[in-house]
């Protein structure tokens, strides 16, 4: 009887460890190659919540992951427009990720040059938007992935290896795995 119990116990341990390895593998697969999990200090979280409160954003979202070597460099709030931005960059700033959040629809008084529909998480409608301060200023255009998640309007833009203003699949992946920031 004791022998059967030990065999049963050993089988349970092997099963549980296999499940743990499988869930860890699944978590690792959620982070695309070349990216790493985002870590924020308690002070950074406080500063993010202060910026959100200043502009009226009730629910704050942050990326689950950023490109390897990127860290939160700046938190910027809009002067006349109610938004805040989180800027993640690497040391030489050739690569950055900007997550802009607002309590209402904001396109920064831009003229839309190009627009392309997409889906995030298969249920959130999003648009790739390229916009500029004037319809003839295509060289100065900015672009980003624009969507609403819960009550927050979000724009994600990216500059990769010195190239900005492109619609990047990685920005869609970041958007898919945004998570609410918890106090």
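Residue numbers (the working numbering): 28 to 210. A virtual CB, placed ideally from N, CA and C, is assigned to each residue, including glycine. The structure presented is a predicted model; accordingly, all values stated were derived computationally and were not measured.
Indicate whether residue 82 and residue 208 have their beta-carbon atoms separated by less than 8 Å.
-> On the chain shown, position 55 is the one that residue 82 refers to. On the chain shown, position 181 is the one that residue 208 refers to. With a cutoff of 8 Å on beta-carbon distance, residue 82 and residue 208 are scored as not near each other.
To which residues does DSSP link residue 142 through a beta bridge?
-> The residue labelled residue 142 in the question sits at position 115 within the chain shown. Answer is 156, bridged to residue 142.
Cβ-Cβ separation, residue 116 to residue 100 (assumed contact under 8 Å), whole Å | The residue you call residue 100 lines up with position 73 of the chain shown. The residue you call residue 116 lines up with position 89 of the chain shown. Yes, residue 100 and residue 116 are in contact; Cβ-Cβ is about 5 Å, under 8 Å.
Tell me which same chain residues have a C-beta within less than 6 Å of the C-beta of residue 182, skipping the five on either side of it?
-> Within the chain shown, the letter at position 155 stands for residue 182. Result list for residue 182: 127, 171, 173, in chain order.
8 Å contact criterion, which residue 130 and residue 201 should meet: CB distance rounded | Walking along the chain shown from the start, residue 130 turns up at place 103. Walking along the chain shown from the start, residue 201 turns up at place 174. Incorrect: roughly 21 Å between the Cβ atoms, too far for contact.
Just mark residue 103 as buried or exposed, buried being the case when its beta carbon has 16 or more other beta carbons within 10 Å.
-> Locating residue 103 in the chain shown gives position 76, where the first residue counts as 1. Flag for residue 103 reads exposed.
Measure the beta-carbon distance from residue 63 to residue 93 and round it to whole angstroms, keeping in mind my assumption that it falls under 8 Å.
-> Within the chain shown, numbered from 1, the residue matching residue 63 stands at position 36. Within the chain shown, numbered from 1, the residue matching residue 93 stands at position 66. Between residue 93 and residue 63 the Cβ distance is about 7 Å, and since that is below 8 Å, they are a contact.
Under 8 Å between C-beta atoms, does residue 117 make it to chain D?
-> Absent from the structure is chain D; it holds one protein chain and no more.
Proximity winner among 175, 120, 195, relative to residue 98 (alpha-carbon distances) | Indexing the chain shown from 1 puts residue 98 at position 71. The shortest C-alpha separation from residue 98 is found at 120.
Compare the C-alpha of residue 157 against each of 67, 109, 140, 146 and name the closest.
-> Taking the first residue of the chain shown as 1, we reach residue 157 at position 130. Check the Cα spacing between residue 157 and each of 67, 109, 140, 146: the tightest is with 140.
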